[in-house]
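Using our numbering, you'd call the opening residue of the sequence shown number 28 and step up by one each time. Encoded as structure tokens, the structure appears first; notes follow it.
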Amino acid sequence: MTTRSTEPSLSPLVPGLSRRGLLIAAASTAAGTAGLLILPTKAEAATASPRHGSRPDVVGPWFDEMLATFAAAPTAGLPERMWAMSWIAAWAALSARRAAPVRAPGQRAVFEDAATATAVHGVLKALVPGQADKLDGVLADSLAGLAASEAKKAGIAAGREAAAAMVAVRTGDGLDLASVNVPFTLPPEAPGVYRLTPGATQTVAAGYGLARPFLLGRADRFRPPPPPALGTAPYRRALDEVRRLGGEVSERTEAQSDLAWLDPLSQYVPVLRLLVGDSARSRRSKVRLLAALGAAIVDSSIATFEAKYALLHWRPVTAIRDADTDGDPRTAPDPTWNSFLPTPPHPEYPSGHAVTAGAAEQVLSQLVGPCTPMAFSITFARGDGRVVTRNYRRGTPWSTLTKENIDARVLAGVHFRYSDEVGAALGRQVARYDLNLLARGGVGPVRVTW
28 MTTRSTEPSL SPLVPGLSRR GLLIAAASTA AGTAGLLILP TKAEAATASP
78 RHGSRPDVVG PWFDEMLATF AAAPTAGLPE RMWAMSWIAA WAALSARRAA
128 PVRAPGQRAV FEDAATATAV HGVLKALVPG QADKLDGVLA DSLAGLAASE
178 AKKAGIAAGR EAAAAMVAVR TGDGLDLASV NVPFTLPPEA PGVYRLTPGA
228 TQTVAAGYGL ARPFLLGRAD RFRPPPPPAL GTAPYRRALD EVRRLGGEVS
278 ERTEAQSDLA WLDPLSQYVP VLRLLVGDSA RSRRSKVRLL AALGAAIVDS
328 SIATFEAKYA LLHWRPVTAI RDADTDGDPR TAPDPTWNSF LPTPPHPEYP
378 SGHAVTAGAA EQVLSQLVGP CTPMAFSITF ARGDGRVVTR NYRRGTPWST
428 LTKENIDARV LAGVHFRYSD EVGAALGRQV ARYDLNLLAR GGVGPVRVTW
């Protein structure tokens, strides 16, 4: 058997980030070993600010700086938390009372750039102090491009205040790596109940579902119903599909093997870069998009792990190897079966990849429109080093990207299809809830209005 890389590089996106992109952080264990923590429609905003000539704004560069900060400090904390905190703070800064007197179009743009850069810088510097010098330099460059004015001064003050308030309100939220990776005692082995899979020595992310959401309030607000019962037709169909298509030896085509390595952020980071780099979009609409997506990714991840550890559904590799224990004479065990990709060391249901894809789909559908507004390409690497490129046409429904993620996890052999479909639905539910709440109100003392 060949050795498989668990998390190939996403260097075409952000050098140094692992396969799950923004949704993986190194998790230190009590024994001092490291594991992988697998966590990441309205058209344009009615509140969009006037544009100021053709001068590029700071949103795209600071989005890239955020990604670079993640890559440089993979153990500093959960990247999705940093994302949400950074851009919700930026949105709060744009909505601050200090913005009210700034009315001239050119000065409004100066205020928004100063506020955005200062807010994102302030959050990232607080969360990743080891990158302080670099972040200070990037901020200095951003502000140097803005002429001295009252608007610039007001923007800097608004950004500082929003960043400080965000860091304060999220302190102790349970999303530090130690709190996320609390020990978990598994129940006695039983058919259908999760147990450690081959190669795993402990579970990860058992405390993620106990963390405080940004907007969701309760982690179990949308907890899905239990998965199909053993012995039922839906369970048998899903078991047969993943057995046939998700194994190391399987019926997959080469194209399907490529798709198995797909994850949501390898799709969405490239298109987000295009969206935030689009000069036709207002600064406010770009910041709003990144803030909403950050909140939805964190909240849907919290909801996912709450459900995973409450429902404790077994993984396909266990179900297939131990099919003689499921009480169904129509299923047969295969003790040699292995998943195509390594199985993550946490319960199966619902799928975290699919939850993230569903959340991103919902946010983009509501804030950008139901389809991609431009063509784009993504590139990612398989575990064997093969580089895969996928091209998407302008007008591709966001739901198509979600379906690809659903298929990918079945083809990887790590999820049943029903887990992916339920996960995508959960992600959409959480994102809708977050967007509705953001449209009405605030995030703790950091008040935000859409």
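Built from N, CA and C at the ideal position, the CB exists for glycine as well. Everything numeric in this text was worked out from a predicted model, so none of it was measured.
Leaving out five residues on either side along the sequence, give the residues of the same chain with a beta carbon under 6 Å from the beta carbon of A232.
L64, V207, F332, H373
Am I right that W341 and G274 are in contact with their C-beta atoms under 8 Å? What's the rounded C-beta distance?
16 Å between Cβ atoms; not a contact.
Looking at L428: is its Cβ nearer than 8 Å to the Cβ of E375?
no
Could you tell me which uninterrupted alpha helix (DSSP H) segments, each at least 4 residues in length, are contained entirely in the region 174-214, listed from first to last along the chain?
177-197, 204-207
Are there 16 or more other CB atoms within 10 angstroms of the CB of S404, so buried, or fewer, so exposed?
exposed
Using 8 Å as the threshold, is the region 338-356 in touch with the region 406-417, meaning 3 or more CB pairs across them?
no
I need the DSSP call for Q395, collapsed to helix, strand or coil.
What sits at residue 395 in the sequence shown is Val, not Gln. Coil at V395, not helix or strand.
Apart from the five residues just before and just after A227, which ones in its own chain have a Cβ nearer than 8 Å to its Cβ?
T370, P372
Could you tell me which of W118, G133, W110, A141 sits nearest to L151, measuring between CA atoms?
W110
Using only the alpha-carbon positions, how far apart do K180 and R135 sit?
12 Å
Just checking my contact of A119 with A217 at CB under 8 Å: how many whole Å lie between their CB atoms?
Rounded, the Cβ-Cβ distance is 48 Å, inconsistent with contact.
If you follow the beta strand (DSSP E) that Y419 is in, where does it begin and where does it stop?
414-419
Would you call the region 310-317 and the region 325-339 touching, i.e. three or more CB-CB distances under 8 Å?
no
Between the CA atoms of A381 and G450 - distance to the nearest angstrom
5 Å
If you measure between the beta carbons of A435 and A287, is that distance less than 8 Å?
yes
Just the C-alpha distance for P291 and T198, rounded to the nearest angstrom, thanks.
28 Å
Of all the options S392, G440, V137, which has the alpha carbon lying nearest to the alpha carbon of G172?
V137
Using CA coordinates, which residue listed in L170, A178, A153 is at the minimum distance from P128?
A178
Once DSSP output is grouped into helix, strand and coil, what is the label at G422?
coil
Can you tell me whether G157 is helix, strand or coil according to DSSP?
helix
Helix or strand or just coil, what does DSSP make of F403?
strand
In its own chain, which residues sit with a C-beta less than 8 Å from the C-beta of A359, not counting the 5 before and 5 after it?
A350, D351
Count Cβ pairs between the region 450-460 and the region 242-251 that sit closer than 8 Å; are there 3 or more?
yes
Taking 8 Å as the threshold, find out whether the region 302-310 comes into contact with the region 81-96 through three or more Cβ pairs.
yes
A323 bridges to which residues according to DSSP?
Beta-bridge pairing links A323 to no other residue.
Candidates R310, S392, Y419, S426: which alpha carbon is nearest A144's?
R310
Could you give the C-beta distance for A117 and G182, rounded to a whole number, given that I count them as a contact under 8 Å?
With 8 Å as the limit, A117 and G182 do not qualify as a contact, their Cβ atoms being about 11 Å apart.
Taking the C-alpha atoms as reference points, what is the distance between A260 and E268?
12 Å
Going by the DSSP bridge assignment, what does G274 pair with across the sheet?
S366
What does the Cβ neighbour count give for A192, buried or exposed, with the cut at 16 atoms within 10 Å?
buried
Is it true that the CB of L339 sits closer than 8 Å to the CB of P214?
yes
Given L266, which residues of its chain have a CB within under 8 Å of its CB, disregarding the five upstream and five downstream residues?
P343, A346, I347, A350, T358, F443
Just list the residues that DSSP pairs H340 with in beta bridges.
V220
Any idea what DSSP makes of A131, helix, strand or coil?
coil
Do you know offhand how far G471's Cα is from A195's?
Low per-residue confidence applies at G471: pLDDT is 47, beneath 50, and the placement is therefore not dependable, though the value from the model is reported in the following sentence. If you take the alpha carbons of G471 and A195, they lie about 10 Å apart.
To the nearest angstrom, how far is it from the Cα of S426 to the Cα of G379?
16 Å
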